[in-house]
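Student: First, the structure itself, so that you have it in front of you.
Protein chains: 2
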Amino acid sequence: MAKGRPKKELDSSTESIIKEAARKVFHQKGYAATRTRDIAEEAGLNLALLNYYFKSKEKLFEIITFETLFNFMNTLGIVFHDENSSFEEKIEALATRYIDFLSNEPDIPLFIISAVRNNPESFANKIPIKNMVLQSVFYKQFLEKSERNEITDTNPLQLLLNLMGFIIFPFIAKPIFENVTGTKEKQFQDMMNERKALIPMWVKNMIRP
Amino acid sequence: MAKGRPKKELDSSTESIIKEAARKVFHQKGYAATRTRDIAEEAGLNLALLNYYFKSKEKLFEIITFETLFNFMNTLGIVFHDENSSFEEKIEALATRYIDFLSNEPDIPLFIISAVRNNPESFANKIPIKNMVLQSVFYKQFLEKSERNEITDTNPLQLLLNLMGFIIFPFIAKPIFENVTGTKEKQFQDMMNERKALIPMWVKNMIRP
DNA sequence: GTCTATAGGGGGATAGAC
DNA sequence: GTCTATCCCCCTATAGAC
Numbered sequence: 129m130a131k132g133r134p135k136k137e138l139d140s141s142t143e144s145i146i147k148e149a150a151r152k153v154f155h156q157k158g159y160a161a162t163r164t165r166d167i168a169e170e171a172g173l174n175l176a177l178l179n180y181y182f183k184s185k186e187k188l189f190e191i192i193t194f195e196t197l198f199n200f201m202n203t204l205g206i207v208f209h210d211e212n213s214s215f216e217e218k219i220e221a222l223a224t225r226y227i228d229f230l231s232n233e234p235d236i237p238l239f240i241i242s243a244v245r246n247n248p249e250s251f252a253n254k255i256p257i258k259n260m261v262l263q264s265v266f267y268k269q270f271l272e273k274s275e276r277n278e279i280t281d282t283n284p285l286q287l288l289l290n291l292m293g294f295i296i297f298p299f300i301a302k303p304i305f306e307n308v309t310g311t312k313e314k315q316f317q318d319m320m321n322e323r324k325a326l327i328p329m330w331v332k333n334m335i336r337p
Numbered sequence: 129m130a131k132g133r134p135k136k137e138l139d140s141s142t143e144s145i146i147k148e149a150a151r152k153v154f155h156q157k158g159y160a161a162t163r164t165r166d167i168a169e170e171a172g173l174n175l176a177l178l179n180y181y182f183k184s185k186e187k188l189f190e191i192i193t194f195e196t197l198f199n200f201m202n203t204l205g206i207v208f209h210d211e212n213s214s215f216e217e218k219i220e221a222l223a224t225r226y227i228d229f230l231s232n233e234p235d236i237p238l239f240i241i242s243a244v245r246n247n248p249e250s251f252a253n254k255i256p257i258k259n260m261v262l263q264s265v266f267y268k269q270f271l272e273k274s275e276r277n278e279i280t281d282t283n284p285l286q287l288l289l290n291l292m293g294f295i296i297f298p299f300i301a302k303p304i305f306e307n308v309t310g311t312k313e314k315q316f317q318d319m320m321n322e323r324k325a326l327i328p329m330w331v332k333n334m335i336r337p
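So the protein sequences, as listed, match chains S and X. For the first sequence, my numbering begins at 129 and goes up steadily by one. For the second sequence, my numbering begins at 129 and goes up steadily by one.
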C-alpha cells in the first residue's frame, strides 16, 4: 500500500502540485480573475513551470474544468445507475453524498456553472451527461412509478430541477444567505446536515402530496 | 408625459447609454472578464468617455452592482412587507414577479452571487437586507402560523432557502439543464411559467404535509 | 527540471485636439 | 462633451542559464 504508486493525485510530483494549486485558485476565483502568478505562488513554485508542464493558462484551465466536471457528474452517475437501490434510496444517497461533497468544496457549483456558461458547446461534447440522466435507472424508476399512478402528475424535469436545487442552491447562495440571516458557518453546516433527511421528505411530498 | 423628464434611466444621455451598456456587459461576463473596450463598443461610444463620466472601471462596476442588487432586493422587500396580503398570497406574488423578472434578465442571479462573493463586506453595509427579511410581515406571518400550530415544525430558514431556490436555481442552472435534458429555450420558459403555480403548492406541502 | 530575466501584447487610464 | 493617440503597467509566455 505504501509502495504501490497511488493511481491518481496526491503524489508529490511537480505536475501534481501545480494541478492542485490551479484547482484551488481556479475554483475560488474563476478563469478571468486568476493570474498564473497566483497559481505559481499557491504551489510554491516558479511561474515558468506552469508553461513547462501545461503549455498555457487556458490548457491548464481546461484540464481542471474537465476533471472537476467529471468528478461531480460521476457521483451523480453512480447513484443514478445503481440497480440495487430504490427510487427513495437514491434520493437519500444523492442528498447525503453531495452535501458532504459540497461541504468540503463549496466553490464547485459556481465554478462549474460559470465554466459551462462561458463554453456551453465544449461541455456537451466532453461528458455524456444526457445519457447519465435520461437513461438512468433513477429516471426509469420514476417513469415506472408514474405509470403505476404512484405519482400525481409531476413533470420529471421539474422534479429533477427541484432535487438538484435542494442540494446545490444553498451552497451557491451561502454568502448572501449568511449575510441576510446573520447565520454563521457552523449554523449553516448544521442546516445542511439537517437537509440530508429533509430533502427525501420534501421530494416525497412533491410527488405524492 | 412626453415632456416631464423621466425620473430615471431610459433617457438618451451619454451617461445613461454607457450605464446601460455597462449593465449588459457586466451582467453577462462579470467584472474580471469584461474589458472597458467591450462596454464602449456596446454603447457605440468612445472608450475615453467611460472614464470621463465614471472615473474608472471599478467605480462603474460598483454603481451597476449597487443598482442591480437594490433593484433585486426591492422586489423582495415590497412583497415581503405588504400588510394587505396573506402568507400564501405573498408566496404566489413572489414566484410570479421573480419568474417574470428573471425570464427577462436571466444573468442577474449569477451576477449578484459572484459580486457578493468577491466583496461580502461592502454588500452587507450598503443594503439593509437583514431587516428586509427577518423583520418583514412575511416572516411574522410565518411565525404566527407556527405558533398556531398550522405548521409542522419547519425551520423558517430552511423554508426561505427552498422558496428562493425554487425561484432562482433554475435560472442559474439553465445552461447545464438545457444541455443535460436537451431542453430548448421555449420549453424552458414554459416550465418556468408552470412553476408560478407549482411553487406555492410545493411550499404548502412543505409546511403542512 | 527548475530557475531568472525579459519579450510581447493587452487593457485601463489620460493628454490634448476639436 | 467627444474624439484620437498614446502611455504605462500588468500579465502571459518564452529564452536561456544552471
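The C-beta atom is built at its ideal place from N, Cα and C for all residues, glycine as well.
Under a three-way DSSP split, which group does arginine 173 of chain X fall into?
Tutor: The sequence as given places leucine at residue 173 of chain X; arginine does not occur at that position. Reduced to three states, the DSSP call for leucine 173 of chain X is coil.
Student: Are three or more beta carbon pairs between the stretch 290-303 of chain S and the stretch 224-231 of chain S nearer than 8 Å?
Tutor: The stretch 290-303 of chain S, when compared against the stretch 224-231 of chain S, does touch it at the 8 Å Cβ threshold.
Student: Compare the C-beta of alanine 301 of chain S with all C-beta atoms of chain X and state if any pair is closer than 8 Å.
Tutor: So yes, alanine 301 of chain S belongs to the interface.
Student: Leaving out the 5 sequence neighbours to the left and right, which residues in its chain are closer than 7 Å to phenylalanine 198 of chain X when beta-carbon positions are compared?
Tutor: The residues are Ile255.
Student: So which of X:Ala243, X:Met319 and X:Ile257 has the shortest CA-CA distance to lysine 157 of chain S?
Tutor: Considering only alpha carbons, the answer is X:Ala243.
Student: Would the beta-carbon of threonine 196 of chain S fall within 8 Å of that of isoleucine 257 of chain S?
Tutor: Not closer than 8 Å, so no.
Student: For isoleucine 241 of chain X, would you say it is in contact with chain S, using Cβ-to-Cβ distances shorter than 8 Å as the test?
Tutor: It does; some Cβ of chain S falls within 8 Å.
Student: What does the alpha-carbon distance come out to for the pair asparagine 179 of chain X and serine 274 of chain S?
Tutor: Going from the Cα of asparagine 179 of chain X to the Cα of serine 274 of chain S covers about 60 Å.
Student: Quick one: what does DSSP say serine 274 of chain S is sitting in, helix, strand or coil?
Tutor: In the structure shown, serine 274 of chain S sits in a helix (DSSP, three-state: H, G or I).
Student: Closest to phenylalanine 251 of chain X by CA distance: which of X:Phe194, X:Trp330 and X:Asn174 is it?
Tutor: For the residues X:Phe194, X:Trp330 and X:Asn174, the minimum Cα distance to phenylalanine 251 of chain X belongs to X:Phe194.
Student: Three-state secondary structure (DSSP) at serine 231 of chain X?
Tutor: Helix, per DSSP.
Student: Distance cutoff 8 Å, beta carbons only. Does arginine 245 of chain S sit that close to anything in chain X?
Tutor: So yes, arginine 245 of chain S belongs to the interface.
Student: If we cut at 8 Å on Cβ distances, does lysine 185 of chain S have a partner in chain X?
Tutor: It does not; no Cβ of chain X falls within 8 Å.
Student: Does any residue of chain S bring its CB to less than 8 Å from the CB of alanine 384 of chain X?
Tutor: Given a span of 129 to 337 for chain X in the structure shown, any question on residue 384 of chain X remains unanswerable.
Student: Hey, does valine 207 of chain X have any beta-carbon neighbour from chain S nearer than 8 Å?
Tutor: Taking Cβ atoms only, chain S never reaches closer than 8 Å to valine 207 of chain X, which makes this a no.
Student: Report yes or no: do three or more beta-carbon pairs, one from the stretch 308-327 of chain S and one from the stretch 264-281 of chain X, lie closer than 8 Å?
Tutor: No: fewer than three Cβ pairs fall under 8 Å.
Student: Quick one, which residues of the stretch 285-317 of chain X are near chain S if we go by CB-CB under 9 Å, in chain order?
Tutor: Hits within the stretch, in order: Leu285, Gln286, Leu288, Leu289, Asn290, Met292, Gly293, Phe294, Ile296, Phe297, Pro298, Ile300, Ala301, Lys302, Pro303, Ile304, Phe305, Glu306, Asn307, Val308, Thr309, Gly310, Thr311 and Gln315.
Student: Buried or exposed for isoleucine 219 of chain S, going by 16 or more other Cβ atoms inside 10 Å?
Tutor: Isoleucine 219 of chain S is buried by the Cβ-count criterion.
Student: Would you kindly report the start and end of the unbroken alpha helix (DSSP H) that includes isoleucine 240 of chain X?
Tutor: Segment 236-246, the alpha helix (DSSP H) holding isoleucine 240 of chain X.
Student: Under 7 Å between beta-carbons, which chain X residues line up against leucine 326 of chain S? List them in chain order, please.
Tutor: Going along chain X in sequence order, the residues near leucine 326 of chain S (Cβ under 7 Å) are Gln286.
Student: Mind listing the chain X neighbours of valine 261 of chain S? Cutoff is C-beta to C-beta under 9 Å, in chain order.
Tutor: Within chain X, the residues near valine 261 of chain S are Val308 and Thr309.
Student: For isoleucine 236 of chain S, which option in S:Lys332, S:Leu287 and S:Lys152 has the closest C-alpha, if you only look at C-alpha atoms?
Tutor: Of S:Lys332, S:Leu287 and S:Lys152, the residue nearest in Cα terms is S:Lys152.
Student: Count the other CB atoms, across all protein chains shown, that sit within 10 Å of the CB of proline 328 of chain S; report buried if there are 16 or more and exposed otherwise.
Tutor: Flag for proline 328 of chain S reads buried.
Student: Kindly indicate if chain X contains any beta-carbon less than 8 Å away from that of leucine 271 of chain S.
Tutor: No, leucine 271 of chain S does not count as interfacial toward chain X.
Student: What is the rounded straight-line gap between the Cα of leucine 222 of chain X and the Cα of glutamine 315 of chain S?
Tutor: Going from the Cα of leucine 222 of chain X to the Cα of glutamine 315 of chain S covers about 26 Å.
Student: Would you please verify whether the beta carbon of leucine 188 of chain X is less than 8 Å from any beta carbon of chain S?
Tutor: Cβ-Cβ to chain S under 8 Å: no for leucine 188 of chain X.
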